[in-house]
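**Q**
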Amino acid sequence: MADLTIDEFRELVQEVVIQTLSEMMIDPDEGLELRDDFVEELKQSIADVEAGGKTVPAQKVAERLGLIW
């Protein structure tokens, strides 16, 4: 490693950063399927909203949970 030129070192660092960012951005749930009961809950939730049901803005949910949104 001591024999690397500045350009080679920069390239190595760039490759490591790109690889690390790529690994961090991978969706761990990719390829998994939703459970049937969860799919039904989602469908029911969508139907409720389409029928005029009440929704809660994400900002309100975040506030209730003490999250910074």
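Take 2 as the starting number for the sequence shown in my numbering and just add one per residue.
Think of the CB as a built atom: it goes at the ideal place given N, C-alpha and C, for glycine as much as any other residue.
All values derive from a computational prediction rather than experimental measurement.
#1: For residue 54, which option in 46, 15, 26 has the closest C-alpha, if you only look at C-alpha atoms?
#2: Looking at the secondary structure, which residues open and close the alpha helix (DSSP H) in which residue 68 lies?
#3: Helix, strand or coil: how does DSSP classify residue 33 here?
#4: So, with DSSP's three-state summary, where would you put residue 55?
#5: If residue 5 sits next to residue 13, beta carbons under 8 Å apart, how far is it from one beta carbon to the other, in whole angstroms?
**A** Looking at the atomic coordinates:
#1: Minimum Cα distance to residue 54 is reached at 46.
#2: DSSP places residue 68 in no alpha helix (DSSP H); its state is neither H nor E.
#3: The three-state reading of DSSP puts residue 33 in coil, since its state is none of H, G, I, E or B.
#4: The answer is coil: DSSP assigns residue 55 none of H, G, I, E or B.
#5: 7 Å
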